Structure formats: structure tokens, C-alpha cells
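>
Residue numbers (the numbering used here), protein chains in the order written: chain A, 3 to 747; chain B, 777 to 1062.
1. Taking the alpha carbon of residue 529 of chain A as the point to measure from, which residue in A:597, A:559, A:565 and A:377 has its own alpha carbon closest?
2. Can you pull the chain A residues whose beta carbon is under 8 Å from the beta carbon of residue 1035 of chain B, in chain order?
3. Along chain A, in chain order, which residues have C-beta atoms closer than 7 Å to that of residue 955 of chain B?
4. If we call anything under 7 Å between Cβ atoms a contact, is residue 618 of chain A one with residue 1038 of chain B?
5. Identify the continuous beta strand (DSSP E) that holds residue 808 of chain B and give its terminal residues.
6. Give a yes or no on whether the minimum CB-CB distance between residue 1044 of chain B and chain A is below 7 Å.
7. Could you confirm whether any beta carbon from chain A is found closer than 7 Å to the beta carbon of residue 850 of chain B?
8. Please list the partners that residue 959 of chain B has in chain D, where partner means a Cβ-to-Cβ separation under 8 Å.
9. Within the present structure, is the beta-carbon of residue 891 of chain B separated from the nearest heavy atom of the ligand GDP by less than 6 Å?
10. Looking at residue 127 of chain A: is its Cβ nearer than 7 Å to the Cβ of residue 50 of chain A?
11. CB-CB under 7 Å to residue 550 of chain A, same chain, minus the five flanking residues each way: which ones, in chain order?
12. Can you say whether residue 642 of chain A is buried or exposed, counting buried as having 16 or more other CB atoms within 10 angstroms of its CB?
13. Between the alpha carbons of residue 440 of chain A and residue 628 of chain A, how many angstroms are there, rounded?
14. Taking 7 Å as the threshold (beta carbon to beta carbon), is residue 39 of chain A in contact with chain B?
15. Report buried or exposed for residue 723 of chain B, applying the criterion of at least 16 other Cβ atoms within 10 angstroms of its Cβ.
16. By how many angstroms is the C-alpha of residue 533 of chain A removed from the C-alpha of residue 467 of chain A?
17. Does the beta carbon of residue 1039 of chain B come closer than 7 Å to any beta carbon on chain A?
18. Taking a contact to mean a Cβ-Cβ separation below 7 Å, would you say residue 91 of chain A touches residue 325 of chain A in this structure?
19. Just to make sure I have the definition right: I need the residues of chain A whose C-beta is within less than 7 Å of the C-beta of residue 1032 of chain B. Which are they?
20. Using only the alpha-carbon positions, how far apart do residue 519 of chain A and residue 446 of chain A sit?
21. Going along chain B, which residues have a C-beta under 7 Å from residue 280 of chain A?
22. Kindly confirm or deny that the segment 377–388 of chain A and the segment 345–356 of chain A touch, where touching means at least three C-beta pairs closer than 8 Å.
23. Within 7 Å of any Cβ in chain B, is that where the Cβ of residue 125 of chain A sits?
24. If you reduce the DSSP assignment to three classes, tell me which class residue 959 of chain B lands in.
25. Interface residues of chain A around residue 1054 of chain B at Cβ under 8 Å?
26. Nearest-angstrom Cα distance between residue 668 of chain A and residue 883 of chain B?
27. For residue 146 of chain A, write down the residues that DSSP places opposite it in a beta bridge.
28. List, in chain order, every chain B residue whose beta-carbon is nearer than 7 Å to that of residue 680 of chain A.
29. If you measure from the beta carbon of residue 895 of chain B to each beta carbon in chain A, is any gap under 7 Å?
30. Apply the 10 Å Cβ neighbour rule to residue 918 of chain B and answer buried if 16 or more other Cβ atoms are within range, or exposed otherwise.
31. So who's on the other strand from residue 907 of chain B, going by DSSP bridges?
32. If you measure from the beta carbon of residue 861 of chain B to each beta carbon in chain A, is any gap under 7 Å?
33. I want to verify the contact list: residues of chain B whose CB lies under 8 Å from the CB of residue 528 of chain A, in sequence order.
34. Output needed in chain order: residues of the segment 643–665 of chain A with a Cβ under 8 Å from some Cβ in chain B.
35. Which residues in the same chain as residue 1062 of chain B place their Cβ atom closer than 7 Å to its Cβ, once the five residues preceding and following it in sequence are excluded?
36. Nearest chain A C-beta to residue 846 of chain B closer than 7 Å, yes or no?
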């Protein structure tokens, strides 16, 4: 009652800010031992030998494991259910290391400090192999990049071609053709909590894994594949998570911890250092793109021809999905009569890429939105106007998968955002010519809601009334810190006439929770939220039937509100109802539902940025920012705004600073610490305004749809477009480092 | 005895006593460099914690000098009203050095002794002709900051700044990858007086264009003795860029730094002469 569309504080917020929440690195167990990794300093090499004598001689060292002493089972860390077919190219420790930071060995010791000292004492002999360090080099040399291990290690790992309409005819008939090259960097998630995992033996010969993960079932599937331990013998529990952004979607440490716990019969914990998190986990794939746009004089896009080359790094992970994912997002934004797309993903000997907020969307939107702005400039058309002339209308059918975009409100985001930003007046402002030059930029974006029509997009939820009147909600839920537990509790509470904090959410546990795909693909609110709403409705029906008996009333006349079951005849609290039922030996009301998605509507956004560029130093200050988002309905406007604020922070870094900067000659990562990898900190953040467009998505819970990933998607192109406006340049290599800006002047 | 022990002396005399002990001494004050995980730490000798020595901390005016205890924190420098009036370049550099947490721990002596090429406090100290009070087993003496070379067993006990009346104008600016919590890719301090509108006694020192701070005499000559005018500023800008070309002729960062230094130079001149850097005077490109 009154829970949806309310600024309900995070249900675990007080625990977090009070320092009471126990993260994995805070957890300890009797007899727990610690692992430390030995990582490769070479980009591609055979591990010839390993000398652990000095390490083993250290007091407190328990053992050292490397490729000769662990199972050589190949796995793919991106799978999310047992039996999922993927390119299995990774091993806990392989005979060949494929990137600087690849895993060579693990040392286990009584303390973490001893384990780290022992890891440093290990000497490894490598035989270097030819390394492919750039996507260009990979694209120029298709075929095997491993040693007879195909289909793994074979370039390209994916090649998606798509043609819609008649691009050749459209280009021939166009009034203007503009070609733009855009490159996006390899960026890193930079979650406050580094990667960590704890595994320990449980009764019955099982192994328990505690992991700050995005899906306990994904951990179970990956660990089973990597270690050979049967998935039924793996009991995975999600720990509180100190940020993920996709970085913890793929298990990195979990197979090793599980293997060691099984081998040693001891609890084993590994917590990575910041540098290890940079070089040995996951990044956002780098993209080089080329887009040709055929325009009519009036500003209609007649056709686009897009070529995208994605560097997925040393292991496939889910990188083979990227070209298709990028296409899926590309074709949902504008009504383009003719489209040609050619997307390839290639291996290189660099840190693997993986899931990262938007999954290909920031890359493809950077390409499309920077390209469109430069085309608009050549046509002399205002960037807002050109977008308004091409954005898809609600209920449009996108041309690739043939799906409806639902009640997509891109045009509302654009027009209402432009008005609120005072776009026209700012655009009409005379161009600066001095040292400091201001400019404004806009970018539109779209994103999906869940995985439909891909892997079966379904989720199961169980709920029951507890003694005391609370309601328990059980599903494999993984709140990554953005408040999905609170949002889902609000949805359940709204239906049941309770408050969000009266919904008890069981942290994801593979033994207790029905299967869910996990927190990914912007699916929590739209998919899981609807599953929760339906389950809550079923539970509410059960409760009303029971309450009707207790109140001697017709069930149809019982309402659930303010924590009470009410009718004209009387009322009772849910706690009293539970007591009444327990007194009669009855089972308390419960419900479970499985919800299968049957569509995948689009969320939309339009972002507006004002920048000021110092043409002497090349520094860009983002001086004003407005984000307009089509969210259907904000279950919790405060959390939605928080998601958007965080998305803008990541996007500003993507536009201006962030790049792990892998040396194309040596494969070394130059920015492997917070001293060298620059994030936008508080001082760099502009004043942020958020405009929510709430026109309702009929298939979403209470009309809601996703905001999590899209919040970061349009940021970088909006800023780049603003810089190009300020300077009258055609900058398109991200990030816009001062050196690059000065070189363009 | 071949291991590291720790001493926490409470006076300079106690430090002198340690100096005659014969074992290698390693001084630690804020610890913001030495204690970072992974840095090499000394394996033997005495680690001397300077945090308990009251004489090493504080800012005072002594005759014609400002005396800054070497263990005075950077945060303290940044908030000191005397420094803000007498050598704003140092106050500004202190305020922009590291992050709040670093400034609360790090000391001026440590910044000098660690001698990082990008150290933010060094250019202001160079332009101000600071002298360092150095103590070792031979006793105590003064050296000019430009002549100082760190060596084991030598301790900076104080920094002496000349304090002429009236105080010169001075200023500082830096460029890193973002505005705060950033290591300088370039920093610049200037000091000058104005006589009837002319800029005189101009001293300019830049950091992060060489292993140690660089005095920019060409740029000083380009602007020194002149009135502030677009023409003079253009000559000044060209001289600054030329200085960078000379200092780092082969570095890939040269192209960016030779222009960026003009931005810093204009920012500092503008601040010292009470202008906004957006004043039309500074609109001319390098």
C-alpha cells in the first residue's frame, strides 16, 4: 500500500552505512587458509617449469598448485546454467598463459601475508609465444591463435552480418554520406570491493562457495565445468557485494577456491588486490567502429553501414555474444529503412573482456551517436532535431529480431529533456573563440529489458506468510548494491498491503532458491519484478481466503492494506492471522509462480551535456548535465536517480579518462592502479538533473521497466558531441585525453 | 644486529644521539610514500619516527624568515594564514597536493626528501629561494633547496623562507589527469613583484619536465621588466613552450606540455595580478 512510486530507503542501507554488513573479506572461519595467485608477466607464453622450493620452505605455506597439478578441464566463465554450450577455452591454470595477468599458480598458506610472500618467491620459466596485442593484428590474421585447440582460440570468434532493406540503393540516392571512425577504450569496473571468494567443505562431501556474485547458479555451473565436481555437490551462496557492474558476473576465483577446499578439506579464501582485479579479472571490450550514414537533406537517415571490431581479449567468455548484442541495441533506436551491419569479435593476448554495464551498448552507441552528430553538422541541422526526425515511435517493430519495442518513449525523453535543458537557447549561443570554449551535446540511447528471446527468460519466486506477519520472498536474487532487493520488496509489499521492510528477502542460495538467470541484462525490475508481482498476487489471494474464514467474510470482500486483512465486518493483522492459523494447525499461506517473459521492450534515454574545454591544457570540465529516462514507471524514484547518477559517473570516465591502456608493444597494462587509472571523482561531477518519463510499459510490473544499464549508455557520446560542438572538431577516439584534444585543434 | 628497529625520539637532541650510533638511519614522518604496500622498505638499521619531535613541527616567523618545521603536515601548510599572505604559491600547492587523507599525513620535509619529479611543494620552494636546515652526524647547516640532494642519515629539520617586506606576489598551478587527487603531469610556480605596473624579480620554476624542478629563465626574461600586455604575454607563452621543448625534446608528452604550460603560466599570472584567466589579455594563443 503506497509502496510503489515511493522513495523508500534501501532496506539494507542502515547496515551498510553503519559498517555492520559483512562483506566476504570480513568473513572468517575456523581453520581458514588463504590463497594467493601467481600471475603471468608475459602476454603469451608456455609455462615450461615452476620452482616452488623457496615458497614451500616458508613457514605457514601449505602448498602450491599449477597446471600440472590441477584438473585440465576447459570451461567458459560466462555460462549461467549447467550444460550451456559455449566456447570452453579457459582453465584454472593452463600450460599456456595468454595475457599479462593470466593465472599461473596458486599458493595456499595459513595467512594471506604468507601466501603473498610465497607467491613472490615462486620462479617460473616461460617460453614466449607470438602475441597478438591489438584487434587490428587479430583481424588481419584470422584463424588459430592457440595451438591446435580450435574451435577455441580461432579468430574471429564471432562474425554477425545483417542486412535490412536495400542499403546500396539508399546510399546511391542519399543527399549526403558521412563516414566516421570511432574507437572506444578497454575500461574496468573499479568496484570498491575487489574480487573475492570463500569455499569450504560441507557435510556429505559437498563444497560450499560463498561469493559476491551475480548468479549463484552461474557459479555452480562454471565451477562444475572447471573442476569436475558435480554441480549437485556445490552449494553456492551470494555474499553482500561491494559493487559489480558486471565485473563479478563471471566467476574467476570460485573454481580455484572450490578445488582447493575439496583438495585440502579446509576453508580457503582468496581476496584479490586492486592490481590483480585490474589485470586478472574482466574489462569492457574495446571497439573500433566505422559507420557510414546516408542522409536525406531533411535529416532523415536513409541507411547506415556499420563495421564493428570488438577486442574480447584472451578468453572468449561471453564475447561471442557482443557483435549480436551491439546489433540488437543499434537497430532499436532509430527508424532506419536500410541497414547493413558487420560485427566481428576477436581474441587478443590481453586481459579478457566480460560483462560490463550495457554489454556492448556503450560501444555501439558511441559509434552511432557520434556519427549522427557529425552528419547533422554537415547538414546544418540541430542535433536534437535530427534525432527527433529519426527516433522510433512507440510499438515499433525492430528489424533484427522482429520484436516490439513496447511503449518506448524515446521521443518524449528527447523533446522534454531538450526543453528542460533549454537546448535551443544554448545551441543558438554564439561560439566561443577564446581559450575556454563551451559546447553542448546530446545523445539518445536505448536498451533492452531482459534476455528474451535468447536463453529462456523465466524466473521462479516463492513467497509465504511467516509467523509474526512478515512475508518471506525466495528467489535467487542478487542485489548488486543498486537496490533491487528494495525495489522488489516494494512491489511485493504494494500487492500485499505491507511495507517494503516487512518483506524478508532470502539472499541467493543454490540450495534454497528456485533458479533465476541472475542479475544481468537489465532484467531485475522488468522480469523478476513482474514475477514477484504475480507471486504476491497469488499469495494475496491465499491470504484473503484464510482471512475470510477468520473474519467470517466472503474472500472477495477482504482487502489487504496497512498490514491488515480488512472487510466491512472487521479486520485483523497478518500476524494475528498467522497466529490464528497456527493455533488451528494450518499451514501458513504460500504461493509460487514461474513467470516467462514474452517480450523485450526498449527503455530509452536522452542525455544532455554542457562542457567547457580549456584549449590550452586540453582539459574538459562537464559543467551541466541532464538525463531524461523512459522508465515506464519508477518503482522507487530515489533509487532510479541513484542508478542514473552512477551511470553518468561511469560515462564521464568513459568519455574523458578511463582506459587500462594496454601497451601495444609489450601487452603490459599501464593503468593497473587507481594512481594511473583515472575515474571521475566528486569534483569532476557536474550538477545532475534527472527527468523521468513515466508513460507506463503495459508488460512491466506496475508499468516499470529497466534503467540499470542504459543509465551509462548515452553519457560518453553526449559529452564527446559537446566537446566537438565546443571546438568544431571531429574527435571520436575515446577517452578524450587532453593530448588528443590539443592534437585536434 | 642485522635487522630493522624502530626509534621514536622526542627531541632533536635524541635524533643527534641516534646519528652518532653508527647504524643506518631511515626517517619516517607521514609515511605516505614508505608505507604504501609493495614499496621496498629498509631491511636493517633504525627506522626513526619523526612524529614525536615537537621541534620539527609548526610554522613561525623568525626575524627575516619564515621557519617551517620539516614534519609540518601539508594540510597545516595549506591552512596557515601567514603562509597564505607571504607565499601563496606554497599554500596553493599544499592545498592541491594529493588528497585530504594524504595532506593530513604527508609532511613538507618528506615531499622534499622524496624528491619526486612531480612533487608539488618543490616549485614554490624553489621560486622562494628556500633554504633547508640539514642535520647529520657532523651537525647542522643550511643549504639552498636547489643544491639539496637527499642522502641516507641526513635529516631536513626545517625550511627557511626569506620574508621580505612587502611580500612578493606568488602563485602555483598544476595539471594532472583530473582536478583533485591526482599526480601532476606538469606544475608551475611563479614569484614576482610589480613596480609601477612592471613585472620585476620574476622567478618561474616548473615540475614534471625533468628529474628535478626546472628554473625557466627564458620565460622569466620574456616577461620580466615588462608591463602586462597581450604582446608581452605572447612572448612569454612562446618562451614557456620553448622551455618545454628544451627540457623534454624527445618525450611524447612534449606536444601537449608545450601548450599546456602556457595555460598554467597564464593562470598563475592572472591570479597574481588579480585578473581572471578569462580576461581578454590572456585570450591570445601560444
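Virtual Cβ for every residue (Gly too), placed ideally from N, Cα, C.
On a predicted model such as this, the values are computed, not experimentally measured, just so you know.
Result, derived from the coordinates:
1. A:597
2. 618, 619, 620 and 744
3. 685 and 686
4. yes
5. Element bounds for residue 808 of chain B: n/a, residue is neither H nor E.
6. no
7. no
8. Here chain D cannot be found, since the structure's protein chains are A and B.
9. Judged by which ligands are present, the structure shown has none, so any question about the ligand GDP falls away.
10. yes
11. 556, 557 and 560
12. buried
13. 16 Å
14. no
15. Given that chain B is displayed from residue 777 to residue 1062, the structure contains no residue 723 of chain B and the question cannot be resolved.
16. 17 Å
17. yes
18. no
19. 620, 740, 741 and 744
20. 29 Å
21. None at all; the shortest Cβ gap to chain B is about 14 Å.
22. no
23. no
24. coil
25. 436, 437 and 438
26. 37 Å
27. A:156
28. 953 and 954
29. no
30. exposed
31. B:920 and B:936
32. no
33. Going along chain B, no residue has its Cβ under 8 Å from residue 528 of chain A, so there is no contact; the nearest lies around 36 Å.
34. 659
35. At residue 1062 of chain B, the pLDDT of 46 sits below 50, so the modelled position is not reliable; the number obtained from the coordinates is stated separately. Closer than 7 Å at Cβ, skipping near neighbours: 1013, 1014, 1017, 1035 and 1038.
36. no
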